[in-house]
Structures are given as C-alpha cells and as structure tokens.
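>
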Amino acid sequence: MLLPKNPGTFFVFWQFSSSRAEAFRSGAFDPGIELRLACVEDGSQLHSLRTDWQTGRVYLPAAAQGRTCQAALYGLRGGAWEKLLESNQAAAPAAAGMAEERAYASMEFHKKVLS
Numbered sequence: 367m368l369l370p371k372n373p374g375t376f377f378v379f380w381q382f383s384s385s386r387a388e389a390f391r392s393g394a395f396d397p398g399i400e401l402r403l404a405c406v407e408d409g410s411q412l413h414s415l416r417t418d419w420q421t422g423r424v425y426l427p428a429a430a431q432g433r434t435c436q437a438a439l440y441g442l443r444g445g446a447w448e449k450l451l452e453s454n455q456a457a458a459p460a461a462a463g464m465a466e467e468r469a470y471a472s473m474e475f476h477k478k479v480l481s
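Counting with this note's numbering, you get residues 367 to 481 for the letters of the sequence shown.
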C-alpha cells in the first residue's frame, strides 16, 4: 500500500502471505528486499531502498510532487530480482505555502491529535 504522508514523503506498507513469508524463512529468497518508487506517467524510477523483508513499512521520499507514483517490491532469488508486490497508484501532493506555514499547520494537527 502506498500513501502520501506529506508533500515530501510516501508511506509504504506491505504484508506477505504465509507461503511467501515461508519462502523467505526457508532461504528461497534472500532476506533483503528492494522497494522501488516509480512515476506512473513516464515509468522513471524515482527512488529505491533496500531493507529486510520483515520490516513491513518504510517512508520513501516523494521526489515528484504532483505526479502519480507507484511502489514495487522486489525479492532476490538465485541472483535475479523478482517483482513480488506492486502498490496502488498515489499522487504525490504538491507543497502549498511557505515551509514555515506548513510546519506550523503540522504542529497544530499533532497537538489536536495528541490532546
């Protein structure tokens, strides 16, 4: 699942089926996975990140504000990367206002949520 967190960040969440998790545990796949964030319009890769298959969630920079992106998760088996999961498409929000205004609004939101 791919969710825009703010104009500069996407939240990516994944959960493997029990059979896929067993494939990782048994060593059929290397324990490291690669997440790739791509622009849907032109297919360009915007960011990649390697992490452990059990991590389950990460934050990725949304380098293409206002563009539609999609994340894909790859596993390494026998020296070759295989696409295992693909996210929904999500638009990276465009920044509005000055950075100081956005920081203030975010702080006010957190105050209300945590109160």
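Backbone N, C-alpha and C fix where the C-beta goes; we use that ideal spot for every residue, glycine too. As the structure is a prediction and not an experimental result, all values here were calculated from the model.
Tell me the rounded alpha-carbon separation between Lys371 and Ala389.
As a working note, residue 371 is residue 5 in the sequence shown. As a working note, residue 389 is residue 23 in the sequence shown. Approximately 31 Å, taken between the alpha carbons.
> From Gly409 to Ala437, what does the alpha carbon distance come to, in whole angstroms?
Here residue 409 is taken as the residue at index 43 of the sequence shown, counted from 1. Here residue 437 is taken as the residue at index 71 of the sequence shown, counted from 1. Those two C-alpha atoms are separated by around 11 Å.
> Roughly how many angstroms separate the alpha carbons of Pro459 and Leu442, rounded to a whole number?
Locating residue 459 in the sequence shown gives position 93, counting from the first residue. Locating residue 442 in the sequence shown gives position 76, counting from the first residue. Cα to Cα, Pro459 sits roughly 32 Å from Leu442.
> Which residue wins for smallest C-alpha separation from His413, given the options Thr421, Tyr425, Ser385, Asn454?
Looking up residue 413 in the sequence shown gives position 47. Ranking Thr421, Tyr425, Ser385, Asn454 by Cα distance to His413 puts Tyr425 first.
> CA-CA distance, Ser392 and Arg386?
Start at 1 with the first residue of the sequence shown, and residue 392 comes out as number 26. Start at 1 with the first residue of the sequence shown, and residue 386 comes out as number 20. So the alpha carbons of these two residues sit roughly 10 Å apart.
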